[in-house]
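*Asks:* Take the sequence shown: its position 8, counting from 1, is numbered 8 in the numbering used here, and each next residue is one higher.
One structure, as structure tokens, below. Some questions next.
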Amino acid sequence: MPELQHLVRTSRLNQQFFRYVLNGVVATLVHFGVLILNIEVFDWKSAGLSNLVASVFGIATSFVGSRYFVFAGSVVGVKTQLWRFLTLYALLAAMHGLFMYVWTDRFEFNYLIGFVLATGIQVLSSYFGNKLVVFKV
Numbered sequence: 001m002p003e004l005q006h007l008v009r010t011s012r013l014n015q016q017f018f019r020y021v022l023n024g025v026v027a028t029l030v031h032f033g034v035l036i037l038n039i040e041v042f043d044w045k046s047a048g049l050s051n052l053v054a055s056v057f058g059i060a061t062s063f064v065g066s067r068y069f070v071f072a073g074s075v076v077g078v079k080t081q082l083w084r085f086l087t088l089y090a091l092l093a094a095m096h097g098l099f100m101y102v103w104t105d106r107f108e109f110n111y112l113i114g115f116v117l118a119t120g121i122q123v124l125s126s127y128f129g130n131k132l133v134v135f136k137v
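Here is the structure:
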């Protein structure tokens, strides 16, 4: 019986992680789409500022998906979740924006590569922050 319980827990963890990845892909596509729109269509000159604005859209998408799709079993109240989530993502957005600013605006490296690198760091940080602090699942 303990083996079955372990398999069930492992299966739930895998499902949760899959949902987290799927939600993250959608939020990242929203973030990336707004970034491209800001730079390529609206002709914003600062990748850092463009990315900061785009991150707001990605963060909103991520919260809705996390609350109702990834960590739906959380017993933490929505106000508490929202406060913790916004605090976590404000830190992540600042890190992401600073990375993009240094990478692109200062070092003049390609903003697309910078976006991928910054997003990789953000993915790891956000999963553990959401799981252990925001939604406490």
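For each residue, glycine too, the CB sits at the ideal point set by N, CA and C.
Check this for me: beta carbons of G48 and D105, under 8 Å apart or not?
*Replies:* Counting from 1 along the sequence shown, the entry for residue 48 is found at position 48. Counting from 1 along the sequence shown, the entry for residue 105 is found at position 105. It is a contact, given that the beta carbons lie within the stated cut-off.
*Asks:* Quick one: Cα of S46 to Cα of S11, how far?
*Replies:* The residue you call residue 46 lines up with position 46 of the sequence shown. The residue you call residue 11 lines up with position 11 of the sequence shown. Approximately 44 Å between the Cα atoms of the pair.
*Asks:* Which of the three DSSP states is assigned to G97 in this structure?
*Replies:* Working through the sequence shown from its first residue, we reach residue 97 at position 97. Three-state DSSP puts G97 in a helix.
*Asks:* Which residues in the same chain as N130 place their Cβ atom closer than 8 Å to its Cβ, once the five residues preceding and following it in sequence are excluded?
*Replies:* The residue given as residue 130 occupies position 130 in the sequence shown. Answer for N130: Y20, S66, V70, F71, F85, L88, listed in chain order.
*Asks:* Are the beta-carbon atoms of L92 and S125 separated by less than 8 Å?
*Replies:* Sequence index remark: in the sequence shown, residue 92 carries index 92 (1-based). Sequence index remark: in the sequence shown, residue 125 carries index 125 (1-based). Contact flag set, yes.
*Asks:* Name the residue from F42, S55, I39, F18 whose alpha carbon lies nearest to the alpha carbon of A27.
*Replies:* Position 27 of the sequence shown holds residue 27. When each option's Cα is compared against that of A27, the closest is S55.
*Asks:* Once the 5 residues before and after H31 are set aside, which same chain residues still bring their CB inside 7 Å of it?
*Replies:* The residue given as residue 31 occupies position 31 in the sequence shown. Cβ neighbours of H31 beyond the five flanking positions: A54, S55, F57, G58.
*Asks:* Please report the distance separating the alpha-carbon of F128 from that of F135.
*Replies:* Translated into positions along the sequence shown, residue 128 becomes position 128. Translated into positions along the sequence shown, residue 135 becomes position 135. Their backbone Cα atoms lie some 10 Å apart in a straight line.
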